Amino acid sequence: MTTVLVLNGPNLGRLGSREPDVYGNQDLAALRSLLEGEKLGDIDLRQTDDEGELIGWLHEAVDKKLPVILNPAAFTHYSYALRDAVALVTTSGGTVIEVHISNPHAREEFRHNSVISGVATGVIAGFGFNSYVLALHAVGRSAS
Numbered sequence: 001m002t003t004v005l006v007l008n009g010p011n012l013g014r015l016g017s018r019e020p021d022v023y024g025n026q027d028l029a030a031l032r033s034l035l036e037g038e039k040l041g042d043i044d045l046r047q048t049d050d051e052g053e054l055i056g057w058l059h060e061a062v063d064k065k066l067p068v069i070l071n072p073a074a075f076t077h078y079s080y081a082l083r084d085a086v087a088l089v090t091t092s093g094g095t096v097i098e099v100h101i102s103n104p105h106a107r108e109e110f111r112h113n114s115v116i117s118g119v120a121t122g123v124i125a126g127f128g129f130n131s132y133v134l135a136l137h138a139v140g141r142s143a144s
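My numbering applies: residue 1 is where the sequence shown begins, and numbers increase by one.
Here is the structure:
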């Protein structure tokens, strides 16, 4: 398998200390270790609080033909610019799996809507860090 971009949006750099009752008590380093332990390819895990940077990484995925696991975080609910960048990946034949650590549909009503889901290849939510593991396995299956 090729390199998989694992992209994380705003506030996910605070995992481990941010609302542990919702997001657990592990940080991005623990997520990286978990994904690398699956031995399903090279993991390029990134996090940003900047919408433009996240969009740039999706453009990179198009140019390099890299599959993407994306946790858009709060951008999920309103970023049409991010939605358009995800659509650029998927309409060019790429894969984008939208993931969420928690189940947005079991939380506040404003979290129930995703502008990303309609253009993503698939969506996995509510399984903690295992949402990423499931997405990684889905990417691996689609690559073989």
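C-beta: ideal position from N, C-alpha, C; glycine also. As the structure is a prediction and not an experimental result, all values here were calculated from the model.
Query: Own chain partners of R32 with C-beta closer than 7 Å, once the 5 adjacent residues on each side are dropped; Result: I43, L45
Query: Rounded straight-line distance, which links the Cα of E53 to that of I124; Result: 23 Å
Query: Beta-carbon proximity of V86 to L66, cut-off 8 Å; Result: no
Query: Supposed close pair E51, A81 - CB separation, criterion 8 Å; Result: 6 Å
Query: Start-to-end residues for the beta strand (DSSP E) that takes in V86; Result: Segment 80 to 91 is the alpha helix (DSSP H) holding V86; no beta strand (DSSP E) there.
Query: For L7 and V68, believed in contact at Cβ under 8 Å, the rounded distance; Result: 6 Å
Query: Euclidean distance between Cα positions of V119 and N25; Result: 31 Å
Query: Alpha-carbon spacing of I97 relative to A138, whole angstroms; Result: 8 Å
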